[in-house]
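A.B. asks: Sharing a structure with you now.
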Amino acid sequence: MAEFDNFVNELQHTLIERVKAAYGEEAYERWRTLPHRGEPASANCRGASTGTCGDTITIFLTIEDDTVCDAGFATDGCGSSQISGSMAAELAIGKRCEDLTDITGEVVRDRLGGLLEEDEHCAWLAANALHDAVGDYYKRALRRTDNSRKQTLPPETP
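Take 11 as the starting number for the sequence shown in our numbering and just add one per residue.
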C-alpha cells in the first residue's frame with residue numbers, strides 16, 4: 011500500500027509542477043482557490059459570453075452608486091475559463107461602471123501572468139461577460155427610470 015501511495019504522491023507532484031510550468035504560479039493558485047466563484051446574493055446584474063469552444067462565462071455584479079461592490083462568476087468551461095472569470099470578477103470590484111470597459115481580455119490575461127496560446131480566448135470571454143454585465147446594469151437602470159416616469163406622469167386628458 012505504501013508503494014501505491016508513493017506512486018500517487020509522485021504523480022500528483024509531477025502533474026502540479028507541469029501545470030505550474032505551463033500556466034504559472036498565479037494562475038495555478040487562483041485555480042486551486044477560485045476566489046469570487048458563484049453569484050453574490052446581492053447581485054443586481056449579470057452578463058455572459060460563450061466562445062466557439064462552447065465555454066460560457068457568466069459574470070455577476072453588485073453595483074451601488076455606479077460602483078461595483080461585489081462580483082462573482084460561473085462557468086461551464088475549462089480551468090482557463092475558471093481562472094479568467096475569477097480574475098475578471100476580482101478586477102471589477104471597487105471600479106466605477108465607466109471604468110469597467112478598461113478591463114479587456116489583454117488585462118485579464120496579463121494579470122493572470124499569461125495563458126497558453128490555445129486558452130487565451132478565455133480571458134476575452136471573461137472580459138466580454140463583464141462588459142455584458144455592465145450593459146445589463148444600464149438596461150435595468152433605464153427600465154427603472156422609465157417605469158418611475160410612467161408612474162409620476164399625470165394622466166392624459168382627452
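Each residue gets a CB set at the ideal place from its N, CA and C atoms; glycine is no exception.
1) Quick check on the DSSP output: the beta strand (DSSP E) that includes L71 runs from which residue to which?
2) Alpha carbon to alpha carbon, how far is L163 from D146?
3) Buried or exposed: G115, going by 16 or more other Cβ atoms within 10 Å of its Cβ?
4) Quick one: Cα of E108 to Cα of D65, how far?
5) Only counting the same chain, and skipping five residues up and downstream in sequence, which positions put a Cβ closer than 7 Å to that of W134?
6) Here's a check: name, in chain order, each residue in its chain whose Cβ is nearer than 8 Å to the Cβ of E35, leaving out the five neighbours to either side.
C.D. replies: Concretely, from the data shown:
1) In this chain, the beta strand (DSSP E) harbouring L71 covers 66-74.
2) Because L163 carries a pLDDT of 47, less than 50, the predicted location of this residue cannot be relied on, and the following value inherits that uncertainty. Between L163 and D146, the C-alpha separation is close to 26 Å.
3) Using a 10 angstroms sphere on the CB of G115, the tally of other CB atoms reaches 16 or more, which defines it as buried.
4) Taking the straight line from one Cα to the other gives about 27 Å.
5) G115.
6) Hits under 8 Å: G123.
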